[in-house]
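Working notes, beginning with the structure itself.
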Amino acid sequence: MEYLLVQDVALNSAPSYAALSKVQHWQDLPQCAEQSLVSQLQTTLDLQQQLNIVSMAAGKVLPLSSMQLKTSVGCFSASGSQQADFEYRSVLVLNQQCLAEVTYHSEYAFTPLIQRELLLLESEWLFALRNALVVVRLQQLAMRDTLTGLGNRRYFDDAFNSATQLARRNNSHLALLLLDLDNFKQVNDNAGHAAGDEVLLAVANIMRDTLRASDQLFRFGGDEFAVLLAGQEADSAELVARRVVKAINQHHICQDYKVSASAGLAVLKPEQDKALLFSAADAALYQAKNAGKSTVRVA
Ligand SMILES: Nc1nc2c(ncn2[C@@H]2O[C@H](COP(=O)(O)OP(=O)(O)OP(=O)(O)O)[C@@H](O)[C@H]2O)c(=O)[nH]1
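Under numbering that gives the first Met the number 0, the first residue of the sequence shown is numbered 0, with each subsequent residue one higher.
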């Protein structure tokens with residue numbers, strides 16, 4: 000039996016945008032049949048789509064140049080947003096809980112009457128916005144490692160599956176880097192668990208800083224990390240792997256605690272399945288450990 004994945008819980012199959020008048024203030028968005036704002040918002044749990052819907056409705060109150068939404072899970076801009084002279088900010092609160100801050104820009108002034116009308120629109124958004132935020136938060140809890148914020152093992156399994164399928168379909172390159180810290184246990188044993196956590200956090204940040212935003216980073220738990228390098232990055236995967244290991248080994252926190260990193264790298268070969276790619280990277284990591292640690296081995 001297949002269960003619905005949390006990341007699939009988005010009622011957004013049919014695109015739907017607000018259209019309370021015939022005038023469109025936002026390019027790129029199609030007109031659709033008249034529907035109440037609340038019912039349009041109920042069609043999606045995607046924050047960007049909700050913002051686009053509300054921005055269409057707000058644009059009928061006052062021609063807007065931009066609308067931005069700032070939440071604890073990220074910032075979003077309505078399609079086609081541009082800066083303008085007049086700015087108006089509003090905080091969206093539901094049951095004494097601050098959900099988000101909205102910033103509007105327009106060439107026209109936000110008079111008290113306009114502000115009141117925007118407030119009415121915002122009040123229609125509150126429940127849909129709260130629901131969307133809960134879904135994103137659940138996705139984060141299900142997919143993220145709580146200590147480092149990197150993807151967790153469950154996230155890796157999904158991403159690894161998609162990445163191998165995509166690489167095979169597009170005949171593009173994919174590399175898997177498995178990384179394990181050396182002598183990490185003694186940090187916990189000698190300096191305590193909090194010091195161990197500090198090292199793990201530092202390593203996660205070093206990896207974020209060293210790798211590109213398009214590279215996918217994961218912590219499997221303990222002191223094990225994984226990186227998926229796709230496309231051009233996969234071509235220079237060995238260089239990337241050596242750069243990451245060097246950056247970890249040279250970092251002052253790792254040096255203070257005498258921790259280093261070993262890594263195993265494997266590049267997807269034609270006809271290879273994901274299980275074989277994983278075991279090749281794992282075997283390379285094992286070789287790196289056996290070769291005296293603090294180094295990289297390529298499968
Ligand atoms: N501080 C901290 N420690 C953790 C966490 N998760 C696992 N550990 C510890 O990480 C250690 C991992 O063990 P090993 O991989 O054998 O340690 P190691 O000394 O790096 O071993 P080598 O890889 O052979 O060098 C164990 O002591 C775990 O208790 C965590 O979230 N925080």
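Beta carbons: idealized from backbone N, C-alpha and C, even for Gly.
Please read these numbers as outputs of a predicted model, since none were measured by experiment.
Which residues does DSSP pair with residue i in a beta bridge?
i    : result
V295 : A262
Q215 : L227
T70  : G73
R88  : T102
G79  : In DSSP, G79 forms no bridge with anything.
L93  : Q96
S65  : H104
G195 : DSSP lists no partner for G195.
G220 : E223
Taking the Cβ atom as the reference point for each residue, do residue i and residue j lie within a distance shorter than 8 Å?
i    : j    : result
E123 : L36  : yes
L40  : Q49  : yes
L117 : F159 : no
L177 : A274 : no
E237 : S213 : no
R218 : L137 : no
V202 : Y256 : no
I205 : H172 : no
A229 : A166 : yes
H104 : Q139 : no
A287 : A298 : no
E86  : T102 : yes
D222 : L200 : no
R153 : A162 : no
D196 : L267 : no
N248 : S278 : no
Under 8 Å by Cβ, that's how I've got residue i and residue j pegged, so tell me the actual separation to the nearest angstrom.
i    : j    : result
L264 : V295 : 6 Å
D181 : S259 : 5 Å
A225 : L284 : Their Cβ separation, rounded to whole angstroms, is 10 Å, which puts A225 and L284 out of contact at 8 Å.
M66  : S89  : Between S89 and M66 the Cβ distance is about 10 Å, and since that is not below 8 Å, they are no contact.
V301 : L125 : Residue 301 lies beyond the range of the chain shown here (0 to 298); nothing can be said about it.
L210 : V243 : 7 Å
L91  : L128 : 6 Å
L46  : T70  : 7 Å
Inset, instruction - Give a yes or no on contact between the segment 126-144 and the segment 89-98, applying the rule of three or more CB pairs nearer than 8 Å. - result: Yes: the two stretches touch, three or more of their Cβ pairs being nearer than 8 Å.
Inset, instruction - Jot down the residue ranges of each uninterrupted beta strand (DSSP E) in the segment 128-184, minimum 3 residues, whole runs only, in chain order. - result: Along the length of the segment 128-184, whole beta strand (DSSP E) runs at least 3 residues long occupy 173-181, reported in chain order.
Inset, instruction - Let me know the alpha helix (DSSP H) ranges lying completely inside the segment 240-285, each 4 residues or longer, listed in chain order. - result: Annotation: the segment 240-285 contains the following complete segments of the alpha helix (DSSP H) (minimum length 4 residues), in chain order: 251-255.
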